[in-house]
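There are 2 protein chains.
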Amino acid sequence: MGLIGGSFGMALKKRGLVGKVVGVGRNPKRLQLAQDLGAIDSWSVELDDVIPDCDLVYISTPVGLVLDFVKKVSPLVKADCIITDAGSTKADICRGADAVLGDRHSFVGGHPMAGSEVAGVETAHPDLFVGATYVLTPTTHTKPASAERMRSIAESIGSRVLSIDPEGHDRCTAVISHLPHVIAAAMISMTADHSTHDPEVFDFVAGSFRDMTRVAGSSPELWRDICFTNAESILSAAKDFRKALDAGLDFLESGNSEGFERWFSEAKEIRDSRVRKPDSSPGD
Amino acid sequence: MGLIGGSFGMALKKRGLVGKVVGVGRNPKRLQLAQDLGAIDSWSVELDDVIPDCDLVYISTPVGLVLDFVKKVSPLVKADCIITDAGSTKADICRGADAVLGDRHSFVGGHPMAGSEVAGVETAHPDLFVGATYVLTPTTHTKPASAERMRSIAESIGSRVLSIDPEGHDRCTAVISHLPHVIAAAMISMTADHSTHDPEVFDFVAGSFRDMTRVAGSSPELWRDICFTNAESILSAAKDFRKALDAGLDFLESGNSEGFERWFSEAKEIRDSRVRKPDSSPGD
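As you go down the protein sequences, you meet chains A and V in turn.
Just so you know, this note's numbering puts the end of the first sequence at 617, numbered straight through with nothing missing.
Just so you know, this note's numbering puts the end of the second sequence at 617, numbered straight through with nothing missing.
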């Protein structure tokens, strides 16, 4: 029970979309905390006690553990139960689920683009998903009715649903989220190196640097798993990023100030028109 | 009269630090707006009418025009008048001032690390500088009394003052601000390129990408000037950034997940400890 699982429970309960929410985890203290916070109605440390009665199983573990839980949960569920997850990468998980589930296929891959680097059920809240993009990644093995049900649930908790194949999801999140996390860490790393020459450098930090490096404060374990389940797309995005950066820097190096202004101006135009304004969603 | 000049006027007036603030510019409508907003007490379009009576001249033009105004203003000022500026790069301006001012040297280079990409006196407010870093860049030609006076003024409007030579300022801002602006534009450019393959990519945008690319919405003209008066330091920072990015990506490419986690973890530690929390300063 962390930020996502806790917020999902709260979101369903607040809107009266669910009879009972049961939390399952390893740590009784954290589970009790989740119950005290109103994220769940009860809890257990045993999957076997809980899963057979469920209509929906929501796996909100770190991305590297999702498929294991799909495998554990799948033999226990009712025929019409939906299993879904909140993992930040989707191809490994969804193709893995396709491979192991066979005709008991009740899985719908999901990725709510909400949350922040501060994890923990303490930060959960029932409107976390409002205004956020909730990505669903059905495959040809996914039952259309299950995908439709998940879309309806995600919309009911206030999200915009985006349906895309798992590989498309992973390419897009590499560009929009995963590589940017690596870039943020690299910006910190460069600045730390620079501080050996100019010890004052961190005193110059203001809003832009703080914003651009915020996600470098994310959990290293979590982001190791995310990056290593999407390495190929991230490396490909990095190649494109280097090319784009070099294009801008080349104008600077060659003294082409008109070209630089045009390049920056094009980016500004795209940013102004295509990066939507923040809404009630607090981050990703 | 824009965000910085307007806010400086408001900041002085709010704290009773000044007898009269007179705005000088080319556009009577904008000057009248500045007066209506309470940033100035009166205005003129003629330097000659205003400057001879001033105790402090605050040049808040785009960075490429600062030195021209130093040259224009310098012959008009009283002997004990201080001339200062708010330009985002300092070496060209301060070394230029050293070269042209001679024994009438009354200049103190300044850079308030406050403001945002949204310029215009409409967004000015009297507490813009509260909690912000206000960099002063005296040289060996700067009168110590002038530098001391500027420090006192900047502190009086709520800023932390950082004193550093102009070249040190430019190296540090290249790392903390200028290169990050180019990186943000490159991230947008890469994403736009990617959208030709995956048109959905911009639908994945959430808080981290929005925050990391915010400064790509800055004024292209302004940032062309800033970058072209600090090209050498930016290109040098870019070399270091590429090295740092490659270090992270190499772990990913070679499948060294432990190394990657350690690398990310080091960045997180540095970020958590050395990038100070946001305060009342709204940005840079």
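C-beta: ideal position from N, C-alpha, C; glycine also.
These numbers come from a predicted model, not from an experiment.
**Message:** On a Cα-Cα basis, can you pick out the residue from V/A424, V/A412, V/G429 and V/A447 that is closest to V/T470?
**Reply:** V/A424
**Prompt:** Expressed to the nearest angstrom, what Euclidean distance is found between the alpha-carbon atoms of A/I559 and V/F402?
**Reply:** 52 Å
**Asked** For V/G550, which residues in chain A fall below 7 Å Cβ to Cβ?
**Response** K601, R604 and D605
**Request:** Give me the Cβ distance between A/S377 and A/V351, rounded to the nearest whole Å; I'm assuming they're in contact under 8 Å.
**Result:** Not confirmed; about 17 Å, so no contact.
**Request:** Spatial neighbours of A/D503 within its chain, please: CB distance less than 7 Å, with the 5 preceding and 5 following residues excluded, ordered by chain position.
**Result:** Here the set comprises T422, K423, A424, N563 and S566.
**Message:** Could you tell me which whole beta strand (DSSP E) segments of length 3 or greater appear in the region 418 to 476 of chain A?
**Reply:** 443 to 445 and 466 to 469
**Message:** I'd like to know whether the C-beta of V/R363 is nearer than 8 Å to at least one C-beta of chain A.
**Reply:** For V/R363, not one C-beta of chain A is nearer than 8 Å to its own C-beta.
**Whole-Å CB distance - A/L568 paired with A/V454, under 8 Å assumed** = The beta-carbon separation of A/L568 and A/V454, rounded to 34 Å, does not stay under the 8 Å limit for a contact.
**Prompt:** Quick one: is A/T473 buried, meaning 16 or more other Cβ sit within 10 Å of its Cβ, or exposed?
**Reply:** Its Cβ having fewer than 16 others within 10 Å, A/T473 is exposed.
**Prompt:** Residues in the region 566 to 583 of chain A with C-beta within 9 Å of chain V's C-beta atoms, listed in sequence order?
**Reply:** I567, L568, A570, A571, D573, F574, R575, K576, A577, L578, D579, A580, G581 and L582
**Prompt:** Assuming A/F535 and A/S541 make a contact with CB atoms under 8 Å, what is their CB distance in whole Å?
**Reply:** That pair is no contact at about 14 Å.
**Message:** Among V/V463, V/A412 and V/C387, whose alpha-carbon lies nearest the alpha-carbon of V/M343?
**Reply:** V/V463
**Item:** C-alpha distance - A/E488 paired with V/A580, whole-angstrom precision
**Value:** C-alpha separation (whole angstroms): 41 Å.
**Request:** Output the boundary residues of the beta strand (DSSP E) element that contains V/I392.
**Result:** L389 to I392
**Asked** Do you know whose CA, among V/I415, V/F537, V/V538 and V/F593, lies nearest V/A480's CA?
**Response** For the residues V/I415, V/F537, V/V538 and V/F593, the minimum Cα distance to V/A480 belongs to V/I415.
**Message:** When you compare the region 543 to 560 of chain V with the region 578 to 597 of chain V, are there three or more beta-carbon pairs, one atom per stretch, that lie closer than 8 Å?
**Reply:** Fewer than three pairs of CB atoms, one per stretch, sit closer than 8 Å, so the region 543 to 560 of chain V makes no contact with the region 578 to 597 of chain V.
**Request:** With a cut-off of 8 Å on the beta carbons, I'd call A/V441 and A/T475 a contact; round off their distance for me.
**Result:** Contact holds; Cβ gap of about 6 Å.
**Asked** Exposed or buried, what is A/V338 when buried is set at 16 or more other beta-carbons lying within 10 Å of its beta-carbon?
**Response** According to the sequence displayed, residue 338 of chain A carries Gly and not Val. It is buried - the Cβ of A/G338 has at least 16 other Cβ atoms within 10 Å.
**Message:** Quick check: the Cα distance between A/K572 and V/D498, rounded to an integer number of angstroms?
**Reply:** 37 Å
**Request:** Pull up the distance between the alpha-carbon of V/R607 and that of A/S552, whole angstroms please.
**Result:** 17 Å
**Request:** In the DSSP assignment, find the unbroken beta strand (DSSP E) run with A/L495 in it and report its ends.
**Result:** R493 to S496
**Request:** Please go through the same chain and pick out, in chain order, the residues whose beta-carbon is closer than 6 Å to the beta-carbon of A/V508, but skip the five residues on each side of it.
**Result:** A570
**Message:** Can you tell me whether A/H530 is buried or exposed? The criterion is at least 16 other CB atoms within 10 Å of its CB, across all chains shown.
**Reply:** By the Cβ neighbour-count rule, A/H530 is exposed, with fewer than 16 other Cβ atoms within 10 Å of its own.
**Item:** Classification of A/P459 by the beta-carbon crowding that lies within 10 angstroms, buried from 16 upward
**Value:** buried
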